[in-house]
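To start, the structure itself, in structure tokens.
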Amino acid sequence: MAWMRYLDPEGTVQVAVRAGSSGGWERLRAEGEGQAPGVRGGAWEGDELFAGLTPSGEEARIARVLAPVQPPAIFCIGLNYRRHAAETGAALPEWPVLFMKSPGAVQDPGEAIVLPRALASAEVDLEGELAVVIGRRCRNVSRDEALKVVAGFTCGNDVSARDWQKQWGGGQWCRGKTFDTFAPLGPVLVPPAELADPLALRLRAI
Numbered sequence: 047m048a049w050m051r052y053l054d055p056e057g058t059v060q061v062a063v064r065a066g067s068s069g070g071w072e073r074l075r076a077e078g079e080g081q082a083p084g085v086r087g088g089a090w091e092g093d094e095l096f097a098g099l100t101p102s103g104e105e106a107r108i109a110r111v112l113a114p115v116q117p118p119a120i121f122c123i124g125l126n127y128r129r130h131a132a133e134t135g136a137a138l139p140e141w142p143v144l145f146m147k148s149p150g151a152v153q154d155p156g157e158a159i160v161l162p163r164a165l166a167s168a169e170v171d172l173e174g175e176l177a178v179v180i181g182r183r184c185r186n187v188s189r190d191e192a193l194k195v196v197a198g199f200t201c202g203n204d205v206s207a208r209d210w211q212k213q214w215g216g217g218q219w220c221r222g223k224t225f226d227t228f229a230p231l232g233p234v235l236v237p238p239a240e241l242a243d244p245l246a247l248r249l250r251a252i
């Protein structure tokens, strides 16, 4: 199973579900009129990420694929792969480096990454990431219970302006990582039950 957010030919935001790897996409119907609940920015509506959506029996008419979610916050961990730390020659920190990206940095899959003009950068870089989407209120959650608040996994691209991150950022990574479009997400959201071991996935940025 996988979910997708998209625009239909009329320009309405929709959500679709695919039951199998080779099946088509079925539009999900929202309760009442308007855009589908639970997929906008801000606090999630309902306990589940896509609460209130039911199968419509209609094939999805996809005009443009959108990022699967519009998160109110994006938390990132630096040097989260040992191999990446070895590539950069950096020592593994005692505590993981934590930084944030602005929700405005989210970009739809397949769309252009827009390079900053006024704060021009000559060292834009990208890193393919496994993005974890939190679908419930996550507060005072133990490590053993952590996966119970995960709605699913998607592909992420951590785009960085390395010069603004390292030379001109004043020690603040977010200055080089949170330009508009510097956080492409998608195209689909896969629930945890579909992945036996997320850590066994192979990620490749192309």
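Quick note: the sequence shown uses this note's numbering, first residue 47, plus one each step. Even for Gly, the Cβ is constructed at its ideal location relative to N, Cα and C. Since the structure is predicted, the reported quantities are computational estimates derived from the model, not experimental observations.
How is Glu104 classed by DSSP in three states: helix, strand or coil? Strand, per DSSP.
With burial defined as no fewer than 16 other Cβ atoms inside 10 Å of the residue's Cβ, what is the status of Gly84: buried or exposed? A caution first: Gly84 carries a pLDDT of 44, below 50, which makes its placement in the model unreliable, though a value can still be read off. Gly84 should be labelled buried.
Which runs of the beta strand (DSSP E) spanning at least 3 residues fall entirely within the region 193 to 237, listed in chain order? 196 to 207
Please state whether DSSP places Glu240 in a helix, a strand or coil. helix
Use the C-beta contact count for Val234: other C-beta atoms within 10 angstroms, 16 or more gives buried, fewer gives exposed. buried
To the nearest angstrom, report how far apart Leu172 and Phe228 are at their CA atoms. 9 Å
Classify Gly57 as helix, strand or coil using the three-state DSSP reduction. coil
Here's a check: name, in chain order, each residue in its chain whose Cβ is nearer than 6 Å to the Cβ of Thr224, leaving out the five neighbours to either side. Lys147, Ser148 and Ala151
Could you tell me whether the region 208 to 221 touches the region 236 to 243, where touching means 3 or more Cβ pairs closer than 8 Å? no
Can you give the Cα-Cα distance for Ala131 and Leu144, rounded to whole angstroms? 15 Å
Whole-angstrom distance between Leu53 and Trp71, CA atom to CA atom: 13 Å
Excluding sequence positions up to five away, which residues of its chain have a Cβ less than 7 Å from the Cβ of Ala106? Tyr52, Gln60, Ala62, Trp71, Glu72 and Arg73
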